[in-house]
Each structure stands twice: as C-alpha cells, then as structure tokens.
Amino acid sequence: MTTTKSIVSGIAGLALILLPATTLAQTRGGSPPNIQALNPRSPVVIGSAARGVRAPAQGEITPPAQFLSGTVPNAVTLRSGGNAAMVQSLQVSRQLSLAQLKSAPVLMLGSTRVNMAPVLSNPRALFNVAQKIRLQPQLAQVIADDTQVYEIPQGLIVRSFMTYQIKPGVCNNPQLRSALGTSGVSCARKLSSQTRAAAFGDPSDPRYVANPAKRAQAIAEAESRSAMIDAELNGSVAQLRASLADPAMRAQIDAESGEGESSRLAGLNDAQLKEDLVNASVTSIEQTAFVPRIDKLDLAKAQPASAGGTPAPEQVAPDTNVTTPLTPTVFLTGFTLGRSYEWKERVQKKIGWCKVYCKTYFAEAYVGFSYDFGLRFPVRLEGKYQYNKSGAGETASVTPSFTPFNGDGADYASAGLAGGKIFDGKEIVAQVSAKGGAGHDLPGIPSNSVSASVGIDFTNYLSGDFTGGQFTPPAPGSDDRPNMVKTLEDIDLLGGLANFGVFGAKAFPAIKLELSSESLTFNLYDKLKASGQRVSSGQQVDLTVRPSDHGSQFSLGDPIYQLSFLVTPGIDARVFLDLAVWSDHWDWFLWFPQLQIELPPGGAKFGCHAETICSRNYTFTPTSQSESAGAESGFPADMEQWGLGFDAKWMGECPDETCRFGIRFTRQGTIYNALHKFDANPNLKITDLGSLFAQADKEAQAMINEGQARQTTKASKSYSTLMLAVWTGRCSDSLCYKNIKGIIFFAEWEMNAMQAQYPEMSTNQILGAAGKKFVPSLQAEV
C-alpha cells in the first residue's frame, strides 16, 4: 500500500467534485471519470481494464509487418511490435505527462527518490528539441510530439516521441541550413564515396569499424546498398515527375505543402529533386527507456563482541594516570548493487507526399544492459584508552578515532576478506554486461537485423577520483567528494555488429557517480555495564571500572558508514542512416534514463562487509592491555538493521509528520525492549522476537490509518467549503441553496465514514468516490 499523494492527483480528485456534470461529460467524452486513473495508489491495468491511463497520444512508430524486431529475454520494454501494445500489457500504477513532470520533477519509487530534473533540462531530449523547432517555424515544423512516464511494479518507463519535417528549400540555403542545426535536427549531409569510406576508419564516427578486413567489407556493403537505395530514389523522382505533369496531382502537392510548391519542384533538375525529397521527408523518432525500482541494498550484518571473564585482582598505585593507544585496526564496510536498464530507439523516414505517394525507411537499435557495482569502504580504527586514579576515586574512558582511507590488498585481507574477493584492494568493483541489437527495413534492399552480447570489467576505464577503482572514501561532513563522469567509448554495447553499411548504431556505456558522507559511527559496548551506544570519531566515552583489578572491558565494532550517493548510468547512443549519398545522423547522450537516483533518500547506512571481522574486544587495566577479534553474538547489530528495515517499510506510508514521529517512537521503543531482553538473556536471538516485531507492525499500521483519517477529515472540510462556494453560487432560489448545503453536509459525513470503514483507502480515492456519487445530485439541484 502506498499513501504518498501527488499534487496532480489531489487536483484531479477535487475536479471530480467541483465540475458540473455537463463539464465532466465534455472533458470525458460523456462518460463518468475513471477514479483509478486519478489516483496514483490504485494499480491500473492498461488495456481492457485501464480506461484512465492513455496509450501514446501523438502516435508511435510501428515496425513494418515483414520486419521481425529483436527482443531481449526477460526484458520489460524490449519487445517486438509497437510500444502502445507493450505498455498495454503492463500494470501501471501511475502515469505522468510532461506538464506534470515539470510541476513536480521529484518522484518516489518505493524508498527511492528519482529526480527527473535532468530529463527536463537535457537539451537533447526530444521534447526540448521539439520546442526549439517550434521557435523557428520558418525552418521546420513539429507534426507531433509526446512524452509520457509510466510507473509499473518493476520501475519507471519514460517514452518520448517526435515527428518533424524540414520546410522546403531550407537545406538548399546555407544560412537557413546552419540555423536549423541549432534546434537539434539537421539537414542530411551529402557524402562522396571517398568521404564515406574515410568515416568507416574514423573512431569518432558511428560508422567506425576497427577490424580492417571487416571495415573493407562494410565499405563494399555500403556502396552496394547505397546504389540500391539510389535506384529506389530515382524511382521516386520519376514518380514525382509524373505527378508534376498531372494538374490534379500538382494541386494535391500544393494543398499539402503550400501554394507554389509544385512549381518550385518542377524547376529543379533530377539531382536537386532527389536531395529535396530526402530533406523534406517526414521523420519520426521514438525513444523508450526503463529504469528499475531499487528498494533494497544488501548490507552485511555486524558482530559486536560480548563480555569476557573476570580477571585476577590487580594493584594500582594511589595516584596513577595511564594513556594507552588502541592498536590500529582495519574494518571494511560495503555493499553490492546490480540493476538492469533498457533503451530503445526507432527512426522512421517517409519520403514523398504520402497523400500522393511515399516510401517508408525504418531502423531501430535497442539494448538491455546491467551495471554491477561493488563499493567497499575501508575504515581505520585507532584511539586511546585513559585511566586515572586519585586517592580512592578512579575513572576510565576510551576515545576512538575512525578514518576512511584508500586501502590496498593487505588492508582488505587484514579485515578478514577472503582472497578471492580482494580484487587488488579496489574500493570499486564494476562490471557491465549487455544484450541488444539493431535492424532495418529499407526499400530496395533486404531487411536485416543482428543481436549481440557484451561483458566486461571496466574498473580500468574509470577516471577522475575513481581511477583504477581506487579512491579515498569521503570523511563525514567533508565537501571533498569523490566524483566521476565517464563515457566508455572503447565498449560498444551492441558489440560493433550493428553496422549495415547504410545504417548503423553504437551505444557506449556511461556512468556518473558521486559520494558524500554524513556520519561514521561504531558501536561501543561496555561489557561491565552490559550496555552499548553509537559513538563518533573523537568522542570520549566513560567506561565502567571494575574494583577488583581497576580494569575496563569493552568492544568496538559494527561500523555504520552513512553515505548519500548518486549512481547515474547512461549511454551515448549514435545512429546514422544513409539514403544513397545523403546521410542523416542522430546522437543522443542520455543519463539513463536521464535520471539521477539517490540510494536511498537521505543516504544509506552501510554496515560491516560480509565475511570480515566486524568487532574488536579490548581489556585494559592501568598496567596491561589485551585485544582480540570479536566473533560472538550480533544481536545489537541485528536490531539496528531491523530498525532500518522497519523505517524503510513504514515511513513512506505516513501521510503526515505526526505519523512519522509515531513510527520512529515505535521503532526505538521496540529496539530498547529487545536490548533489555538481551541484557537479561545473552543467548537471545533476533529470531526469538517474532511477536515483538508483529506488535510493532500492528502499531505502525494503526498510526498510518490514523494519519490517513486525519488527512481525509481535513481534506473533506476543505472540499466542502469549496463545494459550497461553487454549487450554491449556481442556485436560483432558496430551496436549491438549502438542498445543496444538505447534500454537501452528507457528502462530508460519508467521506469520513468511508475512511473509517476502509482505512487503507487513500484520501484521493475517498474524494473520487464521493464526487462520483454526489455530483449528479448537486447538478440536479441547480
């Protein structure tokens, strides 16, 4: 259940009640509104059950029937056929338009905050390109464009579509041609055979083929297929000449493209006509991207040590001051993260006047790729133990110090990590793997497609603060944050196979990574007092002193390293399509899918890395010291991890701060209760506390239901006030006024009654249901 409300949904719910029935019929085609479509909480199955979530409104590119598009197994969006059918097969819980994204660009996917601002600011995003084209209507026109975001159980789908056409004659004018390039689209570039052959040997060109033998084959294939397409274009020119000789056809061309266009075309020679046809084509581009829901990070569990036995008595001089350093010890925190992303681009060019004649050129490229990360953060534990005795009084304290550092293989081994997982002591372990393909359906040549698989460890490609996978983790509160932006141009996710001579595509992986830290704490467990607390670096903590030997026993361990980090995978996609000697290209650099994802909101708390030493035992007296690795019960750490999971499970469900405060209170009370039980029974395990955790969940659900009721009560009063203002103003007599007040009073009562009966319903659902029920009665009164 998700109770997070969007501003847009609230406005939509209000509109149900405030709009008169006649207006609703006009805006909804005469049908009652679909309440599910207005509420982001209600899952909506697109297709037969989903009247409220619309399919692509401004068209889509449907692959030709004879073209069998490639797919990636188990992919969400990489399927053959049109994107509308793909969306219709999915369970959509929320749909957002471009306007809605602009009003509220930060979205929540479970516990993951997704910032859509980079989508909106990306100058190469299709909707921004469309806007630039509209600012220069004398150069080109946007025939259609549409951007929709769909939230599904697996994550988020971003779909963009644009169809545009360059105005006649623009590409023949150097100044206009240059001005058009500033909009993000361009005229086709004329390539000689020599220029095209050279492009296949240029690493910066999407045509580039590294292997000399394969390069020669690609050049020969390009020449052969270009001749085939040229023959098709010659046929189009002949067909156009015939049309220009027919007065009725000339009238149709003028009607479609403007008065005098047929005369302008008639004045061109065949070569000019061919170039004009290519550049005046109707071009459609469709992009879909999928980013997964990321709700879970696999964090290792720490193992704080328990108290040891009672040592033999020890004599201490009446006045003693002792300071003893803690032996430097390496702890390793860390996590692993792996998710799969998807990207697909389709390009379609229609050459000719489609009311008279036209030919369609189609191409697509797609890739499903996974980034797998391992980030490990070494922390050096140091500090000092202090003992003071003056007369009969004595005190002891410990002041630990924790320092993140760039560790090597020996440091990782000293933390207890197995040899096969050390990876030369790299703080970052990264791999990328991909499955994708490309294909085309072009008149005059056979359809063709390929698929590819790629896998590589790319830590050697990393740059900036992460060169070679080595970096110094950020200190808490420091502005010195490791960061990196890198495009791996040596790795084509399509395996270098998507080159058909006249059409080709490359997709290079990119990554943006930034880390910052808010805190680094260890668990200090006073064994003589049988209690623990979280301590920060440099914090002095008093210890219990045992009278028999004037000693203290404690453990330090269970490091919790809080990091806020943005992991933004991306691709640098480059696509070209040659029509005879004229070449079009589309280069799109996408932060995939142009999103920055903070994992999780507010940062993550990373515990001790799995299979490493997670605590250290200390016994100090004024005259002796001993240290050992801890390997006993991890109960306090387990409870801390339970608390993190409890917050993640329930905090996002709260509709207000009162509820969130209650969740925090319940979580901490449950932890204290469990630790109290553990103090009484050191053999207690976290698995023994099922009933305690069940009670905490029950209390959390009750707090959320209470919060939902508070929100509905508040909303129903506000809406009643608005309803009175809107509907009584339409009355023409006192009886209408009186009856309207009665209906609205009963509507407010029913909203609250419905919330009490169905506590898990959202406020938007309640308001929507009330609107559907009471609007007809209100309309009847006026």
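According to my numbering, the sequence shown is numbered sequentially starting from 335. Where a beta carbon is used, it is the ideal one built from N, C-alpha and C, also for glycine.
Touch test, the stretch 836-849 against the stretch 902-912, Cβ-Cβ under 8 angstroms, three pairs minimum:
yes
Own chain partners of Gly811 with C-beta closer than 6 angstroms, once the 5 adjacent residues on each side are dropped:
none
Cut-off 7 angstroms between Cβ atoms - residues of its own chain near Arg530, not counting five sequence neighbours on either side:
Ala556
Going by beta-carbon coordinates alone, are Leu441 and Leu454 separated by less than 8 angstroms?
Contact check for Leu441 against Leu454 fails: the beta carbons are separated by 8 angstroms or more.
On a Cα-Cα basis, can you pick out the residue from Val915, Leu715 and Asp813 that is closest to Ser870?
Leu715
Burial state of Trp1083 (16 or more Cβ within 10 Å):
exposed
What does DSSP give as the partner residues of Asn655 in its beta bridges?
Asn722
Please confirm if the stretch 1085-1098 is in contact with the stretch 1039-1054, defined as three or more CB-CB distances below 8 angstroms between the two stretches.
yes
Across which residues does DSSP place Val819 in a beta bridge pair?
Lys846
Ends of the beta strand (DSSP E) at Arg950?
Ser949 to Phe954
Distance, Arg680 Cα to Leu924 Cα
So the alpha carbons of these two residues sit roughly 15 angstroms apart.
Would you mind working out which of Asp745, Phe1012 and Leu854 sits nearest Ala809, comparing C-alpha positions?
Looking at the Cα atoms, Leu854 is the closest of the given residues.
The ligand HEM and Ala832: does any heavy atom of the ligand fall closer than 7 angstroms to the residue's C-beta?
Ligands in the displayed structure: none, and consequently the ligand HEM is not present.
Beta-carbon within less than 6 angstroms of Gly741's beta-carbon, same chain only, minus the 5 sequence neighbours each way: which residues are those?
Pro712 and Gly759
For Gly941, three-class secondary structure by DSSP
coil
I need the boundaries of the beta strand (DSSP E) containing Asp876, first residue and last residue.
Val875 to Leu877
Measuring CA to CA, which of Val504, Glu698, Ile1100 and Ser423 is closest to Gln606?
Val504
CA nearest to the CA of Gln873, picked from Gly979, Thr733 and Asn951:
Thr733
Quick one: Cα of Leu911 to Cα of Gly838, how far?
7 angstroms
Does the count of Cβ pairs from the stretch 561-574 and the stretch 777-785 closer than 8 angstroms reach three?
Contact between the stretch 561-574 and the stretch 777-785 is present: three or more C-beta pairs spanning the two stretches fall below 8 angstroms.
With H, G and I counted as helix, E and B as strand and the rest as coil, what does DSSP make of Leu709?
strand
Which value, in whole angstroms, describes the spacing of the CA atoms of Cys948 and Gln1045?
45 angstroms
Near Arg1064, which residues of its chain fall below 7 angstroms by C-beta distance, leaving aside the five closest residues on each side in sequence?
Val1116
Just reading off the beta strand (DSSP E) that Gln867 is part of, what are its end residues?
Ser865 to Ser870
C-alpha distance - Ala1030 paired with Arg1001, whole-angstrom precision
Whole-angstrom Cα-Cα distance: 7 angstroms.
From which residue to which residue does the beta strand (DSSP E) around Ser731 run?
Residues Gly727 to Pro738.
Ala839 bridges to which residues according to DSSP?
Looking at the DSSP assignment, Ala839 forms a beta bridge with Val909.
Between the alpha carbons of His943 and Ala730, how many angstroms are there, rounded?
31 angstroms
Nearest residue (CA-CA) to Asn1093, options Ala1043, Ala1081 and Ala547
Here the sequence assigns Pro to residue 1093, which means Asn is not the residue at that position. Of the candidates Ala1043, Ala1081 and Ala547, the one whose C-alpha sits nearest the C-alpha of Pro1093 is Ala1043.
Gln1089, enclosing alpha helix (DSSP H) - first and last residue:
Ser1068 to Gln1091
Do you know whose CA, among Gly518, Ser423, Asp745 and Gly1024, lies nearest Arg458's CA?
Gly518
From the DSSP output, in three-state form, read off Leu751 for me.
coil
With three or more beta-carbon pairs closer than 8 angstroms as the criterion, would you say the stretch 1061-1075 touches the stretch 1011-1026?
For the pair of segments examined, the stretch 1061-1075 was found not to touch the stretch 1011-1026: the number of CB pairs separated by less than 8 angstroms stays below three.
Keeping to the same chain, check which residues put their C-beta closer than 7 angstroms to that of Ala1034; ignore five residues upstream and five downstream.
Trp984, Ile997 and Thr1000
Where Cys505 sits in the DSSP three-state scheme:
helix
Taking the Cβ atom as the reference point for each residue, do Ser1054 and Ile1077 lie within a distance shorter than 8 angstroms?
no
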